[in-house]
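*Asks:* Here it is, the structure, as structure tokens.
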Amino acid sequence: DQQVKQNSPSLSVQEGRISILNCDYTNSMFDYFLWYKKYPAEGPTFLISISSIKDKNEDGRFTVFLNKSAKHLSLHIVPSQPGDSAVYFCAASTITGANNLFFGTGTRLTVIP
Amino acid sequence: NAGVTQTPKFRVLKTGQSMTLLCAQDMNHEYMYWYRQDPGMGLRLIHYSVGEGTTAKGEVPDGYNVSRLKKQNFLLGLESAAPSQTSVYFCASGQGLTNYGYTFGSGTRLTVV
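Residue numbers (our numbering), protein chains in the order written: chain A, 1 to 113; chain P, 1001 to 1113.
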């Protein structure tokens, strides 16, 4: 059973516009969420994270929003740049224990110049 | 500062052969993880370690064994490779959940024929 879901396999956005990537989770025990970015032939690289005690975390052009009641989080990229084109993975974990990450299936973002 | 290094980067095995994938990190991290990435499946946890001399099973451990004899190294073994183990394997390390997530290696692409 996929505990973390990214229902949009791909997304295309014009350069300068906002990119919104969505993620849903089913396990109510998750209390820490991360976004990773992955380029071809490279490993995932950490982008931004949020704890369940917050509903928003911002880092430059990247903002993650968390809606615990809906078990939903989203990543906003503003403004989108061609270098943002990559696969984005949502991941969830629990702060206690071994901190294993459960990943979604990824969304391929293409930013069109 | 190399971060997380995986060797080899590519390998082709025949069904029934064995091999060991090596992961080395130079960040003195306690936690290390092995994931596999398959099309449409995201990243799935195979095994993990929360410290030198410890290992534990993840979501998809069957057909794999691991060892963490030294803190900086985490080995993933395939005793008798099967075509279903064709995948891209990623190693990650971390110091628990922080604002910086986990650091991933660049991956090993394994094909079993």
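Glycine included, C-beta positions come from ideal geometry on N, C-alpha and C.
1. Within 10 angstroms of the Cβ of A:Val13, are there 16 or more other Cβ atoms? Answer buried if so, exposed if not.
2. Got a sec: is the Cβ-Cβ distance from A:Tyr36 to anything in chain P below 9 Å?
3. So which residues on chain P does A:Gly43 lean against when the C-beta distance must stay under 7 Å?
4. With distances taken from CA atoms, which of P:Lys1071, P:Met1041 and P:Gly1042 is nearest P:Thr1055?
5. Skipping 5 residues on each side, what residues in its chain have a beta carbon closer than 8 Å to that of A:Ser52?
6. Run through chain P and tell me which residues come within less than 8 Å of A:Ile95, C-beta to C-beta.
7. Please list the residues of the region 20–32 of chain A that have a C-beta atom closer than 7 Å to any C-beta atom in chain P, keeping them in chain order.
8. Who are P:Gln1025's beta bridge partners in DSSP?
9. Write down the C-beta distance between A:Phe89 and P:Gly1042 rounded to the nearest angstrom, noting that I regard them as a contact closer than 8 Å.
10. Kindly say whether P:Arg1044, judged by its beta-carbon, lies nearer than 9 Å to any beta-carbon of chain A.
11. Flag this pair as touching only if the region 1030–1050 of chain P and the region 1066–1086 of chain P have three or more C-beta atom pairs under 8 Å; answer yes or no.
12. By the three-class DSSP mapping on this structure, what secondary structure does A:Gln14 have?
*Replies:* This is what the structure gives:
1. buried
2. yes
3. Phe1090, Phe1104, Gly1105, Ser1106 and Gly1107
4. P:Lys1071
5. Phe30, Asp31, Tyr32, Phe33, Leu66 and Lys68
6. Leu1097
7. Residues of the region 20–32 of chain A with a C-beta atom less than 7 Å from some C-beta of chain P are Tyr32, listed in chain order.
8. P:Val1004
9. 6 Å
10. Using a CB distance cut-off of 9 Å, P:Arg1044 counts as an interface residue toward chain A.
11. By the C-beta criterion, the region 1030–1050 of chain P is judged to be in contact with the region 1066–1086 of chain P, since at least 3 inter-stretch pairs fall below 8 Å.
12. strand
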